[in-house]
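Enquirer: Have a look at the structure that comes next, please.
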Amino acid sequence: MWNRSELKSNAKLALKANYWKAVLVGLILSFILGSGSTAAQNSARSSTDGLTDIDPGMVFTVIGIILAAVFVAMVISILLSIFIWNPLEVGCQKFFINCKYGNAELGDIAYGFKNGYAHIGMIMFLRGLFTGLWMLLFIIPGIVKSYEYMMIPYLLAEHPEMTRQEAFAESKQMMDGEKMEAFIMDLSFLGWYLLSAVTCGLLAIFYVNPYVQASFAEMYTFNKQKAYQEGYIR
Numbered sequence: 084m085w086n087r088s089e090l091k092s093n094a095k096l097a098l099k100a101n102y103w104k105a106v107l108v109g110l111i112l113s114f115i116l117g118s119g120s121t122a123a124q125n126s127a128r129s130s131t132d133g134l135t136d137i138d139p140g141m142v143f144t145v146i147g148i149i150l151a152a153v154f155v156a157m158v159i160s161i162l163l164s165i166f167i168w169n170p171l172e173v174g175c176q177k178f179f180i181n182c183k184y185g186n187a188e189l190g191d192i193a194y195g196f197k198n199g200y201a202h203i204g205m206i207m208f209l210r211g212l213f214t215g216l217w218m219l220l221f222i223i224p225g226i227v228k229s230y231e232y233m234m235i236p237y238l239l240a241e242h243p244e245m246t247r248q249e250a251f252a253e254s255k256q257m258m259d260g261e262k263m264e265a266f267i268m269d270l271s272f273l274g275w276y277l278l279s280a281v282t283c284g285l286l287a288i289f290y291v292n293p294y295v296q297a298s299f300a301e302m303y304t305f306n307k308q309k310a311y312q313e314g315y316i317r
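For the sequence shown, the working numbering gives the first residue as 84, with consecutive numbering after it.
Laid out in structure tokens, this is it:
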């Protein structure tokens, strides 16, 4: 069983050797993880401005235009996720994995574009889709599933040839008995997030984001070694 203090200490050591690169990659990753479906939401919100001034006879036409705009925004958002954000996320996690081994390079963030590009993008899209569907049905099981799927981007960062079934199954095996500990580890950064808010996000950019990502990369490497020993993964 891994120890949070040990993982965080290892993460700090890894960051010292790759600080400025880790800051940049952490910033990119925080932008990717925060993008989500906000484009569609913003499009829908902005399209409703001025409805009160529309002639009643044009209401259905305007509604149709709004729905079409929302649909187009959703399609664009999905395509961006599959072909840009998801491969970038896997590449960023590749960088943080390599930080542990002392061979991290900024070029790692392009890893997903060079190795199974669309394949990686689709698996990551399905990960987000399945998690979202679970969240819509049941909040708590949805949170559990999000932790069950947590290892997928790390697995793809080292094995881009994995099938969807393999990635989901191996992540599930690696997180078996670890989901609550991972949730508690997330909570352990709450104080840092609050301090980041006080500093208008500056602390998040220059320390918290890379620190959090490096810590979870450490958790991945520990879970991977455990899974190897128990014969769960390749």
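By construction, the Cβ of each residue, glycine as well, lies at the ideal position given by its N, Cα and C atoms.
Alpha carbon to alpha carbon, how far is Gly284 from Trp103?
Expert: The straight-line gap from Cα to Cα measures roughly 17 angstroms.
Enquirer: Specify the secondary structure class of Ser129 as computed by DSSP and reduced to three states.
Expert: For Ser129, the predicted structure reports a pLDDT of 44, less than 50, and the residue's modelled location is therefore unreliable. A value from the coordinates is still provided. DSSP places Ser129 in helix when its eight states are reduced to three.
Enquirer: Determine the closest residue to Asn86 out of Phe143, Phe299, Gly314, Ile159, with distance taken between C-alpha atoms.
Expert: That would be Phe299, whose Cα lies nearest to the Cα of Asn86.
Enquirer: Where does Phe143 land, buried or exposed, given buried means 16+ other C-beta within 10 angstroms?
Expert: Exposed, since its Cβ has fewer than 16 Cβ neighbours within 10 Å.
Enquirer: Give me, in chain order, the residues of the same chain whose beta-carbon lies closer than 7 angstroms to that of Gln308; leave out the 5 immediate sequence neighbours on both sides.
Expert: No residues qualify anywhere along the chain.
Enquirer: Roughly how many whole angstroms lie between the Cα atoms of Leu116 and Ile206?
Expert: The straight-line gap from Cα to Cα measures roughly 16 angstroms.
Enquirer: With DSSP collapsed to three states, give me the class of Thr304.
Expert: Residue state, collapsed to three classes: helix.
Enquirer: By Cβ distance below 7 angstroms, which residues in the same chain neighbour Val155 in space, the five residues on each side in sequence not counted?
Expert: Contacts found: none.
Enquirer: Start and end of the alpha helix (DSSP H) containing Cys283?
Expert: Neither: Cys283 is in no alpha helix (DSSP H) and is coded neither H nor E.
Enquirer: Cutting at 7 angstroms between CB atoms, please list the residues of its own chain near Leu278, excluding the five before and the five after it.
Expert: Only Leu286 meet the Cβ criterion.
Enquirer: Whose C-beta lies closer than 7 angstroms to the C-beta of Thr214 among residues of the same chain, with five residues either side of it excluded?
Expert: So the qualifying residues of the chain are Gly225, Lys228, Ser229, Tyr232.
Enquirer: From Ile165 to Ala297, what distance separates their C-alpha atoms?
Expert: Distance between the alpha carbons of Ile165 and Ala297: 24 angstroms.
Enquirer: Residues in the same chain with beta-carbon distance under 8 angstroms from Leu90, minus the five sequence neighbours each way, listed in chain order, please.
Expert: For Leu90, where only same-chain residues beyond five positions count, the Cβ hits under 8 angstroms are Met268, Ser298, Glu301, Met302, Phe305.
Enquirer: Going residue by residue through the stretch 222–272, where are the continuous alpha helix (DSSP H) segments of at least 4 residues, counting only ones entirely within it?
Expert: Here the runs fully enclosed are 222–231, 235–241, 247–258, 262–270.
Enquirer: When burial is assigned at 16 or more other CB atoms within 10 Å of the CB, is Tyr194 buried or exposed?
Expert: It counts as buried.
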